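S.K.: Here's a structure for you.
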Amino acid sequence: MSQNNPFARLPEVPSFTVTSTTVEDGGPFPAAQMSGAFGVPGGQDASPQLSWSGAPEGTKSYAVTVYDPDAPTQSGFWHWSVANIPADVTSLPEGAGDETGSGLPAGAYQLANDAGAAHFIGAAPPAGHGQHRYFIAVHALDTEDIGVPAEGTPAFLGFTISSHILARAVLVATAEIPADS
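So, in structure tokens, the structure goes:
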């Protein structure tokens with residue numbers, strides 16, 4: 034679906050591969066990736082497992098972002114942003130984005146999501162709002178340190194990524210809560 038694609042207005046870059054044992058591209062998030070913090074039954078706010086391969090030569094670090102362009106806001110909703118993942122890291126375990134960042138490699142850090150917390154916040158589309166898409170992106174970068182402070186915003190990280198990106202790998206997950214929930 035190209036409608037409201039967060040990368041549509043950005044310059045095209047090469048792609049590489051991202052996969053997940055948690056969710057298939059185009060498939061629904063399991064209950065654990067839904068938001069318990071926002072009251073979704075069974076939601077655990079657990080970040081998905083991610084593995085990536087095929088990043089271009091010259092990659093010095095990665096950033097990971099999870100963004101919902103279908104949120105009923107004027108600016109979508111940032112669920113997770115991780116910066117400064119070292120170039121030799123090619124996977125993150127499920128739950129890496131907890132409040133402590135315990136599953137993140139040394140040097141990587143999480144920025145506050147749109148709920149104001151520096152960890153993964155699960156999917157919580159409003160009941161009856163229809164299916165939402167969650168763009169899970171791994172960005173291969175030409176710098177070891179993206180230069181965005183930990184108190185920066187995911188949008189600022191995205192802006193800064195645009196001048197350092199070598200390639201992008203994207204997986205899209207979905208979530209929907211029926212109107213009668």
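Be aware that the sequence shown starts at 34, since it is given in the working numbering, and climbs by one per residue.
Note that CB positions come from ideal geometry on N, CA and C, so glycine has one too.
Note that the structure is predicted; figures quoted are calculated from it, not measured.
1. May I ask you to report which of helix, strand or coil DSSP gives P182?
2. If you run the structure through DSSP and keep just helix, strand and coil, what is P61?
3. Using the Cα positions of M34 and V73, report the straight-line distance between them to the nearest angstrom.
4. Out of S195, G128, E209 and E127, which has the shortest C-alpha to C-alpha gap to A41?
5. Is it buried or exposed for Q107, if we count other Cβ within 10 angstroms and need 16 for buried?
6. Apart from the five residues on each side of it in sequence, which residues of its chain come closer than 6 Å, Cβ to Cβ, to A141?
7. Return the CA-CA distance between A188 and A212, expressed in angstroms with no decimal places.
8. How big is the Cα-Cα spacing for T186 and I179?
9. Who are the near neighbours of L174 in its chain, counting only those whose CB is closer than 8 Å to its CB and skipping five residues on each side?
10. Give the C-beta separation of S48 and R201 to the nearest angstrom, bearing in mind that I take them to be a contact with Cβ-Cβ under 8 Å.
11. In angstroms with no decimal places, state the Cα-to-Cα distance between L137 and G128.
12. D58 and L204: beta carbons closer than 7 Å?
13. Buried or exposed: which applies to P81, given that a residue is buried once 16 or more other Cβ atoms fall within 10 Å of its Cβ?
14. Should A158 and H152 be called a contact, given that it needs their Cβ atoms to be closer than 7 Å?
15. Is DSSP giving T123 helix, strand or coil here?
M.R.: Taking the geometry as given:
1. The three-state reading of DSSP puts P182 in coil, since its state is none of H, G, I, E or B.
2. strand
3. Reliability of the predicted coordinates at M34 is poor, the pLDDT of 42 falling under 50, and the value obtained from them is presented with this limitation in mind. Each residue's alpha carbon lies about 26 Å from the other.
4. S195
5. With fewer than 16 Cβ atoms within 10 Å of its Cβ, Q107 is classed as exposed.
6. V115, N117 and I118
7. 30 Å
8. 13 Å
9. T92, K93, S94, Y95, A96, I194, H197, I198 and L199, listed in sequence order.
10. So it is a contact: roughly 6 Å between Cβ atoms.
11. 9 Å
12. yes
13. Under a 10 Å Cβ-count criterion, P81 is classified as buried, with 16 or more other Cβ atoms of the shown protein chains found around its own Cβ.
14. Ala is not the amino acid found at residue 158; the sequence shown has Pro there. Their beta carbons are not under 7 Å apart, which means P158 does not touch H152 by this criterion.
15. coil
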